[in-house]
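In the working numbering, the protein residues as written are 60 to 308.
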């Protein structure tokens, strides 16, 4: 084979590789940004069973409040929680976990005092954890206003556990305490709801939990490498299965 034939073959192969890379980039990064969406996690192993147990309960309320615009201060009533590994902001309107900084992980070696932000309520990268109750009668969802005894909570050196209680009171004598539990050296944040019914009418309901999440924009560039951003499901059969934004219902 002559040098010209070899050169032509190499040029054809290079063009094919560039074309395939362009197709892959278009498929992964050239999609228009998706609007904010909510992924709902059932509070029990089977959401169908939960619905069967609580007949007549309404559906999970839709998102009404927009996220906080970038570069603006918070006008919502919030409380702040700090542990040895987390700095968290909780919105009393809904009791949402709207911000969470990982104190032991800086965003870059050159920025050791700027922690990675996991949960965030400013555009364009919104990631908020929401939860509430659904009942046939009045129940606090992620739009209801709670109150708390303090505006600032800290895990002291002598504590291994910190509980943050948010309280809501509805008509008919129904009181709900939504409690966040933080533990030392742990990134797990537990949330629970305790219902006290001092009225005469019975109260039945169920808990729900969901994420409000936007797909972050990708800057242009054919040869840029991006980390994965999206959902992951872990089961006994498959320990790590990606769930892209377009695959969610």
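We treat Cβ as the ideally placed atom computed from N, Cα and C, and that holds for glycine.
- In this model, residue 264 and residue 156 are separated by some 22 Å (Cα to Cα).
- Residue 233 sits in a strand when the DSSP states are folded into three classes.
- Listed as beta-bridge partners of residue 194 by DSSP are 264.
- In the same chain as residue 147, and ignoring 5 residues on each side of it, the C-beta atoms closer than 6 Å to its own belong to 140, 159, in chain order.
- Nearest Cα to residue 177 within the set 192, 170, 168, 164: 164.
- Boundaries of the beta strand (DSSP E) harbouring residue 255: 249–256, taken from the DSSP string.
- Considering only 222, 153, 292, 267, the residue with the shortest C-alpha distance to residue 209 is 222.
- Rounded to whole angstroms, the separation of the alpha carbons of residue 185 and residue 242 is 25 Å.
- Burial check for residue 216: the Cβ neighbour count within 10 Å stays below 16, so the residue is exposed.
- Contact between residue 270 and residue 188 holds: their C-beta atoms lie close to 6 Å from each other, under 8 Å.
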